[in-house]
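Read through the structure below, which is laid out as structure tokens, and then see the notes.
There are 2 protein chains.
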Amino acid sequence: MLTAVTAAEAITSAVEHLARQPLASAHETAGLRERKKVATRQSLSEAAMRLAVDRGLDNVLVEDIAEAAGVSPRTFNNYFASKYEAICALQQDRAMRIGQALRARPAGEPLWESVTQAVLSQFGPASHTPDKAWIAGIRLVVTTPALIGEYLKVQGLAQYHLAEAIAERLGTSPETDMFPRIMAGAVTAAMQAAIERWLRSDPPVPLVPLMRQSLRQFADGMRGVLPAETELADSG
Amino acid sequence: MLTAVTAAEAITSAVEHLARQPLASAHETAGLRERKKVATRQSLSEAAMRLAVDRGLDNVLVEDIAEAAGVSPRTFNNYFASKYEAICALQQDRAMRIGQALRARPAGEPLWESVTQAVLSQFGPASHTPDKAWIAGIRLVVTTPALIGEYLKVQGLAQYHLAEAIAERLGTSPETDMFPRIMAGAVTAAMQAAIERWLRSDPPVPLVPLMRQSLRQFADGMRGVLPAETELADSG
DNA sequence: GGCAAATTTGCGCGTCACGAAAGTTTCGGT
DNA sequence: ACCGAAACTTTCGTGACGCGCAAATTTGCC
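If you're matching them up, the sequences are chains A and B in order.
Note that this note's numbering gives residue 968 to position 118 of the first sequence, counting from 1, and the numbers run on in steps of one.
Note that this note's numbering gives residue 865 to position 15 of the second sequence, counting from 1, and the numbers run on in steps of one.
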């Protein structure tokens, strides 16, 4: 794995590297080959998560995960570069699907609404409180120091993906317009904030309203914070 | 390294783990102990960066870095968990300093201005085009797949730090108000976007104006995108 | 059925992360 | 200036990891 690429191409390629992974949503399509790959990937990811949740991350070897998924340890590494990556794969997939969801929104719709809907669409029906396993999973990821790094990495990559989708909607090129990136950063942060706060909610509340509220706080907060209309800006 | 912590506390603690690292700015203060630690850390980080830049990341062992810094390999791991971490330490430190800079802004100043100044203050004088080594360093980090992950992680942690500083300024608690997190996410993304674009600038341009422009694009972009004033919002 | 391409697998190696304990340096009180 | 405690470094050892390589197996397609 050598390292010569043109600057910002690399990020894109890194994003694609993960984006290229078959999403679970590719269920319907394709031949046996593809379906098996998806299944294996999911198997591994789920096994990793489950084992880590109820046995403790440090007590799970790659070997265990592979065994639980019925493949050789070597195959594990064909899918994931580390057990951390395997554990975060679900988050990864969901994050990637948000970009897709955004592209699928009706053409005329205002960006804000599209983004909101795209995001919310990936967290189930509005009043749905996620099941125990999912909660335990997220909690594990957000709680375990060793996983936080991976989590942040996933979030970061998701930003690029989301930014591309936003740029498409705005009809601008990410090469010249920095706004999509920024917007994506804010939206991603809004999601994270909502999730964290949701994790802390003691009588557990449904996630989606919190998520919606977070995006609303984004909007409302910005209004109070934006500087006066840019007057005749300086240097370039 | 076991893993039982209360949910969102862990992130904070992870942030602190890195934030707690002595910053190079602690130069002036403290006894010999502290100063040596800072020196060693910096030594290691610089060695890692330099070696990676001109020899290729894959041709640098932890052992090499330790040797170049004049310490034992084991000591390297007392400071950094991986060579990637070592390489990104400079970015790490700068990111952390932005939070400090924000806290140091005059009390009455509007948030937007404070943030802008805090950010810009960490990228040198306005017309200063960074030196070759720094450029090569950033390019390496943003270009090498294996380092991108670490970079994103750093950015993610920086967000938390920045968010805390913003929350302080706004006088709200990050526990209940999600806006600081979101704002921090946007600002961080703005910085990244500016840096990437700057890396791509062919007749090299100074970074600071680009950074300023990015923040301006943030503001201007938001104005065009914000939804109509929230009317009587729903569920909570 | 059978060939080409993709995927899985076994093997091996160099590297890594980190616990434990002993050695060394710094600190603070007297 | 000395001494004991605390902090930091080092040596040693180990289990695990990440991945290149090449052989074996499975899948896709005609």
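Heads up, the beta-carbon is just placed ideally off N, CA and C, and yes, glycines get one too.
Proximity of residue i and residue j at Cβ, strictly below 8 Å
i, j, result
"residue 972(A)", "residue 948(A)", "yes"
"residue 1054(B)", "residue 962(A)", "no"
"residue 1011(A)", "residue 946(A)", "yes"
"residue 1058(B)", "residue 976(B)", "yes"
"residue 1040(B)", "residue 1065(B)", "yes"
"residue 1032(B)", "residue 1043(A)", "yes"
"residue 919(B)", "residue 894(B)", "yes"
"residue 1047(B)", "residue 964(B)", "no"
"residue 1017(B)", "residue 1024(B)", "yes"
"residue 942(B)", "residue 1006(A)", "no"
"residue 1049(A)", "residue 992(A)", "yes"
"residue 1056(B)", "residue 979(B)", "yes"
Test: residue i CB closer than 8 Å to a CB of chain B
i, result
"residue 1075(A)", "yes"
"residue 1072(A)", "yes"
"residue 1068(A)", "yes"
"residue 963(A)", "yes"
"residue 898(A)", "no"
"residue 1007(A)", "yes"
"residue 1002(A)", "yes"
Closer than 8 Å to chain A by CB, residue i
i, result
"residue 1029(B)", "yes"
"residue 1051(B)", "no"
"residue 1047(B)", "yes"
"residue 1064(B)", "yes"
"residue 887(B)", "no"
"residue 956(B)", "no"
"residue 1033(B)", "yes"
"residue 982(B)", "no"
"residue 933(B)", "no"
"residue 1021(B)", "no"
"residue 1042(B)", "yes"
"residue 1038(B)", "yes"
"residue 960(B)", "yes"
"residue 881(B)", "no"
"residue 999(B)", "yes"
Close-in-space but distant-in-sequence residues of the same chain around residue i (CB under 8 Å, 5 per side omitted)
i, result
"residue 1036(A)", "1068"
"residue 1009(A)", "1031, 1034, 1035, 1038"
"residue 1085(A)", "Residue placement at residue 1085(A) is poorly supported in this model, since its pLDDT is 45, which falls under 50; the coordinates still yield a value, given next. Here the set comprises nothing."
"residue 974(B)", "980, 1057, 1058"
"residue 1071(B)", "none"
Endpoints, alpha helix (DSSP H) assigned at residue i
i, result
"residue 964(B)", "961–971"
"residue 1060(A)", "1057–1075"
"residue 1007(B)", "995–1020"
"residue 931(B)", "It is not in any alpha helix (DSSP H) - residue 931(B) carries neither H nor E in the DSSP assignment."
"residue 1037(A)", "1029–1050"
"residue 955(B)", "Where residue 955(B) is concerned, there is no enclosing alpha helix (DSSP H), given that its DSSP letter is neither H nor E."
"residue 890(B)", "882–905"
"residue 1079(B)", "Element bounds for residue 1079(B): n/a, residue is neither H nor E."
"residue 918(B)", "912–919"
Spatial neighbours of residue i in its chain, beta-carbon cut-off 6 Å, leaving aside the 5 residues before and after
i, result
"residue 903(B)", "986, 990"
"residue 930(A)", "936"
"residue 1029(B)", "none"
"residue 913(A)", "923"
"residue 891(A)", "929"
Close beta carbons around residue i, own chain, < 7 Å, minus the five adjacent residues each side
i, result
"residue 876(A)", "In this prediction, residue 876(A) scores a pLDDT of 48, lower than 50, which makes its location untrustworthy; the coordinate-derived value is nonetheless stated afterwards. Closer than 7 Å at the Cβ level, and outside the excluded window around residue 876(A), lie 884, 888."
"residue 897(A)", "915, 918, 919"
"residue 951(B)", "968, 971, 972"
"residue 901(A)", "910, 914, 915, 918"
"residue 933(A)", "898, 910, 912, 915"
"residue 925(A)", "916"
"residue 955(A)", "964, 967, 968"
Exercise. Is the region 928–944 of chain A touching the region 1000–1008 of chain A, taking contact as three or more C-beta pairs under 8 Å?
Worked result: Pairwise C-beta distances place the region 928–944 of chain A in contact with the region 1000–1008 of chain A, as three or more of them are shorter than 8 Å.
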